[in-house]
Structure formats: C-alpha cells, structure tokens
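As structure tokens, the structure follows; a few thoughts come after it.
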Amino acid sequence: MPQTTRAKRAYVETYGCQMNVSDGELMEGVLAARGYEIVGCPEDADVVLINTCAIREHAESRVLGRVSQLNGLKRERPDMLIGVTGCMAQRMGDSLLERAPYVDLVMGPDGYRSLPDALGQLQKEARPRKRKQLAVLELESSENYQGLEQLRAEGPSAWVPIQRGCDHRCSFCIVPYVRGPEKNRTPELVLAEIQGLAAQGVTEVTLLGQTVNSYRHGDVDFPRLLRSVARVDGIRRVRYTSPHPNDVTPELVEVMAEEPSVCEQLHLPAQSGSNRTLKRMLRRYTVEELLQKVALVREAIPDIAISTDIIVAFPGETGAEFHETLDLMRTVRFDEAYTYKYSPREGTPATRMPPEDFLSPEEAQARLAELIEVSRGIQAEINRSEVGRVEEVLIEKGGREAGQVLGRTRRNKVVVFDGDISRVGEYTRVVLERTTGATFAGTEALAVRAAVQA
Ligand code: 5AD
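Here the working numbering is used: position 423 in the sequence shown is 429, and no number is missing along the way.
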C-alpha cells in the first residue's frame, strides 16, 4: 500500500519582545507556506522551535531550562527536531550546540528565509543518531523579510515590523550584535501590508522596530510613514514601539497630535535619570533633553500616557546617581515603568568597564526594589485619579473569569469588564470603576445607562 505522507507539524514558542513575537509569526508563515501544519504544543509537533531573547542573562537561562525539558520529549520521540532561533541562538551559536547536544538547529534572526530548507536538510537523515547539528548564523545586511507572509493569530490587532536591526550602540545592549544594522522596509510594502490587514478586519496596528522612529526609506521618514499608516481605511488605532528619545521630534509629535487614529500613548525609554550614567550608556541625550521631549509631547497631547524602561545598577552608577533616577520618575510621573537590573552581555562595551565598578547583586536588587516601589506608587496614583473616566476600549480577549473580557484603552491601559468572549474585536465605551493600581475593572457605558433607565 502506498504510504500517505502527512504534513509535518511545527510548533513555535516565543520569548522576549514584540519583535520576537512578530518573528515567531514570520517563522510560522514561512513554514506554513512550505506545507507545514502549525500546532499549539510541542507534544503534537515534529519540529519544535524555541524563539529566543538575549537581552538579559535571565532570559537565556529560562530558555536553557526549557530546551533541556524538551529533550525529555525528544527521548521518547528521537525523530523530533529541536531548533533554537532568534537572538540567543545568534549570540551563543555553536556553543549552544555543544552545551545542549540534543538541539539540532541554531538559527539567528536573519536566517528564517532558509528555515524550511535547513529543516529539510536535517530531516533527510532519518537516523537521529547520525544527524549533524546545523548552525545558520549569518547576519545579512539587507534581510528585512520583505515579500514573506507572517502567519498571524486572528484578532483585531496586528504587529507590523517596519525595521529590523539597530544602528545605535548603547553600551549595555546586545541587540546590534545579534540583529545587525538597521534595515528598513519600503513604505509601499508596509502600507500594502496594512491595507491587506485592514481588509481582513484588523483595526489596530503596532509598528515595530528596535528604534522604530529612526525609520527612513528614501525620503520617507517615520513621521511621514506614521501619517500614511494612520490614514489607511479601516485602521482605527495605530501604536508604535520602541522609539529612541532622540527621534521624538516636533514633526513626529505633530503627526501624533493631528492624526485621530494614532493613540495617546508613548513608550519613552529613559534608562537612567543621571547625565553621567546616560553618557556612559551612550544614550546620546541628557536628562534635560529628555524632559524637553516629555514637555513637547504633553503640550501637544495633554492626555498622553507615557511609559519607560529603566536600568538600575549600571556599572559605576553611584547611590546619588540612582537617586537621580528616582527623581526623574517623580518628575515625569510615567504611567508605567519596565525596570531592570543591569545584566552584563558578553561583547558589549559596558562589560569592559573597570571590575570595581560592577555592583553586587544585593545592591542591584535593593535599587531595583526601591525603584519598583516608587514607580508602582506613581502608577497607582495616576490610575486612581483616572477612576470615573469613560474610555473607548478595544476588546482583545476573554478575562481570567468566565463572562469577563479584557480590553485596552487608547492610552494602553488594561480594563476588565463583564462581556461575552464572542465580542473580541469590538470597540465599546467603558466606565473605569476600580483599579488594582496597574489595571482597571469597569462596566460598559451602555450597561450603566440601561441600569439607570431600568
Ligand atoms: N541589562 C539590563 N537591561 C537591559 N536592557 C537592554 N539591555 C540590558 C542589559 N544589558 C533593557 C533596556 C531596554 C529594554 C528592552 O531592556 O531598558 O530598553
């Protein structure tokens, strides 16, 4: 009897930033286009891909734990392939293959076009013990994956990468080394993609890039691209991440203020509130300049929600400098802060600072705890002051409890309220009634009106 070959099944598990989530969708798209069935768990898969992050050591140790766990599965099914992709794969390369001999493939962020071929090559060797490990680690100065389709989860929101790589050299950061130089996609293709998404019912897009607002292609810079995206029929909400403060220009702020679909939200990674530390981080702005950007944005968009990233215990950061960071938090009053302890990344300039400059783990932890306390306190104060507002919410998914849904306001605040999961994708108005400090619980304005009338 002729054997029917069933489609190979692939499972992609993603760690890290939104760009990685988007890369995961790209890998799924590339594989689906070559006949793979994409499945939802490793147990169902012939190929398991772990799409990784290298930004901090913690992100990498989690992945090492996860692949060794997957090796348990592979022992039962030796023909299963395990691939490690993305930034950590790029950073560790062959040393990862040595450390985890059960990993069949390491592939960096520029290799995904050849993913099906690489897997095909590995599958040719039917005897698992004879299989040779494969490394695809070239960084391509032109690879921006133009022309390839992502496989996106159905829903009202989509990530749209417009740029890959980074031309900055912040002294703590591994990204330029694992993602290569900045590569921007053409505005025509970005717009065509978003028009296509809108035709499929997507109403919210988030433009993605490592320093997304330094985007430029020919004479189209980021403000211009943002304006065109904002005017695509059917798109009701536009966000972007992650910008560099230096490219938050008056032109950009003008577009944000003028285009109704651009949300009142800005992520503005400050990293530190100390000029000396900022200089040693090679961030190329001062605290005063950063505050000017905040003032510029708030003047044009008074209601804007601003979030940030902060690193504590950068090598050489003094106690006084750390307090300057706390001062910055209190001055700006960010709606949300993502806070990190400095994590040395091999090959980055900061690792070459004098050994005595490195803070002890205990000191770093104490600074982080203090920063979190300050930033959460401010966040809770801001959010408590917003209770009572009525906000437009896009319903994104079901809540933790049955009969509840979770959505986001234009200012990117999460709200939970009663509603049926079938309503994902709808826009509605919600009264913010309570806050945990970080998120809100509310009631739909319609429901409130009905109750009053009854
Ligand atoms: N250590 C700690 N945090 C880091 N980040 C980037 N590199 C490091 C590092 N080596 C943080 C920055 C950045 C965010 C995505 O991760 O705050 O904005």
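Yeah, the Cβ is synthetic: ideal placement off N, Cα and C, and Gly gets one too.
All figures in this text were calculated on a predicted structure; none of them were measured in a lab.
Problem set entry | Inter-residue Cα distance where the pair is residue 41 and residue 14 | Counting from 1 along the sequence shown, the entry for residue 41 is found at position 35. Counting from 1 along the sequence shown, the entry for residue 14 is found at position 8. Each residue's Cα considered, the two are about 7 angstroms apart.
Exercise. Between which two residues does the beta strand (DSSP E) harbouring residue 243 extend?
Worked result: As a first step, residue 243 must be located in the sequence shown, where it is residue number 237. First-last of the beta strand (DSSP E) with residue 243: 243-247.
Exercise. What number of angstroms, rounded off, separates the C-alpha of residue 7 from the C-alpha of residue 169?
Worked result: As a first step, residue 7 is located in the sequence shown; it is residue number 1 there, counting from the start. As a first step, residue 169 is located in the sequence shown; it is residue number 163 there, counting from the start. For residue 7, the predicted structure reports a pLDDT of 49, less than 50, and the residue's modelled location is therefore unreliable. The matter cannot be settled from this model.
Problem set entry | the stretch 135-150 / the stretch 317-331 touching (three or more Cβ pairs under 8 angstroms) | no
Problem set entry | For residue 364 and residue 397, the rounded distance between their alpha carbons | Sequence index remark: in the sequence shown, residue 397 carries index 391 (1-based). Sequence index remark: in the sequence shown, residue 364 carries index 358 (1-based). Rounded to the nearest angstrom, the two C-alpha atoms are 45 angstroms apart.
For this session: Give a yes or no on contact between the stretch 206-213 and the stretch 365-373, applying the rule of three or more CB pairs nearer than 8 angstroms.
Result: no
Problem set entry | For residue 182, the first and last residue of its enclosing alpha helix (DSSP H) | On the sequence shown, residue 182 is found 176 positions in, with the first residue counted as 1. From DSSP, the alpha helix (DSSP H) with residue 182 extends over 181-185.
Problem set entry | Outcome for residue 224 when other beta-carbon atoms lying within 10 angstroms are tallied against a minimum of 16 | As a working note, residue 224 is residue 218 in the sequence shown. Exposed.
For this session: Would you identify the three-state DSSP class for residue 7, choosing helix, strand or coil?
Result: Taking the first residue of the sequence shown as 1, we reach residue 7 at position 1. Unreliable positioning characterises residue 7 in this predicted model, as indicated by a pLDDT of 49, which lies under 50. The coordinate reading is nonetheless provided below. Residue 7: coil per DSSP, three-state reduction.
Problem set entry | residue 101, buried or exposed, once every other Cβ within 10 Å from all chains shown has been counted against 16 | Position 95 of the sequence shown, counting from 1, holds the residue named residue 101. Flag for residue 101 reads exposed.
Exercise. Would you report the Cα separation of residue 341 and residue 438, rounded to the nearest angstrom?
Worked result: By 1-based counting over the sequence shown, the position of residue 341 is 335. By 1-based counting over the sequence shown, the position of residue 438 is 432. Rounded to whole angstroms, residue 341 to residue 438 spans 16 angstroms at the Cα level.
For this session: Under 6 angstroms from any heavy atom of ligand 1, by CB: list those residues in chain order, please.
Result: 61, 62, 178, 179, 275, 277, 315, 317, 346, 348, 349, 351
For this session: Kindly indicate which residue of 228, 163, 177, 126 has the alpha-carbon position closest to the one of residue 192.
Result: Stepping through the sequence shown from its first residue, residue 192 is reached at position 186. Ranking 228, 163, 177, 126 by Cα distance to residue 192 puts 228 first.
Problem set entry | Continuous alpha helix (DSSP H) stretch holding residue 154: start and end | Your numbering for residue 154 matches position 148 in the sequence shown. Residue 154 -> no alpha helix (DSSP H), and no H or E assigned at all.
For this session: Have a look at residue 246 and residue 196 and give me their C-alpha separation to the nearest angstrom.
Result: Working through the sequence shown from its first residue, we reach residue 246 at position 240. Working through the sequence shown from its first residue, we reach residue 196 at position 190. If I take the Cα positions, the gap works out to 13 angstroms.
Problem set entry | Three-state secondary structure assigned by DSSP to residue 99 | As a working note, residue 99 is residue 93 in the sequence shown. Coil, per DSSP.
Exercise. For the stretch 265-280 against the stretch 382-398, are there 3 or more C-beta pairs whose distance is under 8 angstroms?
Worked result: no
Exercise. Where DSSP assigns a beta bridge to residue 398, which residues make up the other side?
Worked result: By one-based count along the sequence shown, residue 398 stands at place 392. Note: residue 398 sits in a beta bridge opposite 435.
For this session: Ignore the nearest five residues each way along the sequence and tell me which others in residue 257's own chain have a CB closer than 6 angstroms to its CB.
Result: Walking along the sequence shown from the start, residue 257 turns up at place 251. Cβ neighbours of residue 257 beyond the five flanking positions: 229.
Exercise. Does the stretch 164-179 come close enough to the stretch 279-291 that 3 or more CB-CB pairs lie under 8 angstroms?
Worked result: yes
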